[in-house]
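Sequence positions in the sequence shown follow the working numbering and run 40 to 368.
Even for Gly, the Cβ is constructed at its ideal location relative to N, Cα and C.
From a predicted model like this one, the values you see are computed outputs, not experimental measurements.
Okay, so here's the structure we're looking at.
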Amino acid sequence: MPQSNPELANASLSQGHEPKWQKTRDSKWSQFKVILGREKYLYVLALPGILFFLIFKYLPIWGLALAFKNYSPYLGFWQSEWVGFKYFNEFFSNPDFLLLFRNTMAISLLNIVFFFPIPIVLAILINEVHNRAFKKTIQTIIYLPHFLSWVIIAGICFIILGQSDGIINKIIVELGGKPIGFLTEPNYFWGLLTAQSIWKEAGWGTIIFLAAIAGINQDLYEAAQIDGANRWKQIVNVTLPCIKSTIIVLLILRLGQVMEVGFEQIYLMMSSPVSHVADVFDTYVYRTGIQNGRFSYATVVGIFKSVVGLILVVTANRLAKKFGEEGLY
Numbered sequence: 040m041p042q043s044n045p046e047l048a049n050a051s052l053s054q055g056h057e058p059k060w061q062k063t064r065d066s067k068w069s070q071f072k073v074i075l076g077r078e079k080y081l082y083v084l085a086l087p088g089i090l091f092f093l094i095f096k097y098l099p100i101w102g103l104a105l106a107f108k109n110y111s112p113y114l115g116f117w118q119s120e121w122v123g124f125k126y127f128n129e130f131f132s133n134p135d136f137l138l139l140f141r142n143t144m145a146i147s148l149l150n151i152v153f154f155f156p157i158p159i160v161l162a163i164l165i166n167e168v169h170n171r172a173f174k175k176t177i178q179t180i181i182y183l184p185h186f187l188s189w190v191i192i193a194g195i196c197f198i199i200l201g202q203s204d205g206i207i208n209k210i211i212v213e214l215g216g217k218p219i220g221f222l223t224e225p226n227y228f229w230g231l232l233t234a235q236s237i238w239k240e241a242g243w244g245t246i247i248f249l250a251a252i253a254g255i256n257q258d259l260y261e262a263a264q265i266d267g268a269n270r271w272k273q274i275v276n277v278t279l280p281c282i283k284s285t286i287i288v289l290l291i292l293r294l295g296q297v298m299e300v301g302f303e304q305i306y307l308m309m310s311s312p313v314s315h316v317a318d319v320f321d322t323y324v325y326r327t328g329i330q331n332g333r334f335s336y337a338t339v340v341g342i343f344k345s346v347v348g349l350i351l352v353v354t355a356n357r358l359a360k361k362f363g364e365e366g367l368y
C-alpha cells in the first residue's frame, strides 16, 4: 500500500500533505479519548471486574504448562522436567477414562434435560400469580434451598432416605415392606443427584427468567387478549417467544459447563456401592491428582474438561446463529 511506504509518507509530509493512515490513526485515537472522557465513570465501575478476570482468570493460564512438565513442588515450576504429552497419553489410555466420561456426561445430560426446563416453567407459573403477597411467599420459599450448603442437603437426604433409620424406609417397614437402599442402589444414584439439584437451584434459577418476562411489552398481551387468546395461548405465543433468546443463551452457557457436574455434591453422596456410577472427572482429579500429589496429571484432566466445554459452546453458538438467533457472541 502506498500509504504504508515510509518514503512515500515522508514525501507526502514534505509536500505538506498528511498521510491517510496517520489521519485515520489520529481520528481513532481522538474518538477513543472522547469516549473515554464521556464514559469515564462507567469504566471506573467496570475496573474491579476487569481486574478480577485479569488476576483470577487470565494470569493462572500460564499454569497450564504444568500439564507438559513432571512438576515437583521441591524443584519448582521452572526446574521441573519437560515431558511433552506424557500425561495426556497416560490419561487417555487410562481404563477408567471411559467410565469417568460416561458418568460425567450422564449426570450432566440428566441435569440439562430435567433440571434446565424447571426454572422456566416455575418462572412462567409465578408470573401468572396475580396475588402479590402469595407471589412473594412462593418466591421466598423456592429461593431458600439455594442458601443451604451441599453438606446440609446431603444430611437431609440421609435423614429422609437412609436405609436403616431413614424416615421413608421406616414408613415402608411399618407398612410391612422391605427397606429400599435409596442411597446405596446404583440405579437410583443419578436420579437422586438430579432431584437434589432441582430442589436446591431451580427456584434460584427463576430469577433470570422472571426478569426476562418482566421486560416483555404488555401491549403484546393486550393485543393477544383482543384476538381472543386465553392465558395458555398468551404463554405459548407471547411469553415463550419473547424469552427464547434468554433461554438459548443460558442453554449455551450450560453446555459449556457440561463437564462440571459438582464435586462437592457427588463427593458427599458417594459411597462404595455406588462408586462405579458416581466417580466423575472432578472426584477423579481430587483423588488421583490432588491427594496423590500428581499436579501435572490433574492439570491434564482440567485441560480436557475445558476443551470439551469450549467446543460445545462454540458449536452451540454457531447452531443458534444458523437458526436465526443472536447467540452468545
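Length of the line joining the Cα atoms of residue i and residue j
i: residue 90; j: residue 99; result: 13 angstroms
i: residue 279; j: residue 315; result: 40 angstroms
i: residue 122; j: residue 331; result: 19 angstroms
i: residue 69; j: residue 252; result: 41 angstroms
i: residue 283; j: residue 326; result: 41 angstroms
i: residue 136; j: residue 83; result: 46 angstroms
i: residue 224; j: residue 189; result: 20 angstroms
i: residue 151; j: residue 126; result: 31 angstroms
i: residue 265; j: residue 171; result: 25 angstroms
i: residue 292; j: residue 96; result: 17 angstroms
i: residue 42; j: residue 274; result: Unreliable placement is indicated for residue 42, whose pLDDT of 46 sits below 50; no coordinate value is reported for it.
i: residue 226; j: residue 318; result: 14 angstroms
i: residue 133; j: residue 173; result: 54 angstroms
i: residue 368; j: residue 349; result: 13 angstroms
i: residue 120; j: residue 112; result: 12 angstroms
i: residue 76; j: residue 66; result: 15 angstroms
i: residue 267; j: residue 277; result: 13 angstroms
i: residue 194; j: residue 157; result: 24 angstroms
Residues that residue i bridges to, as DSSP identifies them
i: residue 120; result: 109
Residue from the options whose Cα sits closest to the Cα of residue i
i: residue 246; options: 110, 259, 182, 292; result: 182
i: residue 301; options: 129, 294, 322; result: 322
i: residue 105; options: 334, 266, 241; result: 334
i: residue 288; options: 234, 101, 364, 221; result: 364
i: residue 167; options: 244, 102, 249, 209; result: 249
i: residue 257; options: 281, 348, 346, 243; result: 281
i: residue 218; options: 231, 233, 320, 201; result: 201
Limits of the alpha helix (DSSP H) - the one that residue i falls within
i: residue 101; result: Unbroken run through residue 101: none, as it is neither H nor E.
i: residue 181; result: 171-182
i: residue 240; result: 225-253
i: residue 185; result: Here residue 185 belongs to no alpha helix (DSSP H), and DSSP marks it neither H nor E.
i: residue 323; result: 320-323
i: residue 285; result: 283-295
i: residue 326; result: Premise fails: residue 326 is in no alpha helix (DSSP H) and is neither H nor E.
i: residue 88; result: 79-92
i: residue 164; result: 156-166
DSSP state of residue i mapped onto helix, strand, coil
i: residue 217; result: coil
i: residue 144; result: helix
i: residue 335; result: helix
i: residue 42; result: Legend: pLDDT at residue 42 = 46, less than 50; position of this residue unreliable, no value from coordinates given.
i: residue 310; result: coil
i: residue 266; result: coil
i: residue 134; result: coil
Contact test: residue i Cβ vs the ligand MN heavy atom, cutoff 7 angstroms
i: residue 83; result: In the structure shown, the ligand MN is absent, as is every other ligand, since no ligand is present at all.
Any chain C beta carbon closer than 8 angstroms to residue i
i: residue 317; result: Protein chain content of the structure displayed is limited to a single chain, and chain C is not contained in it.
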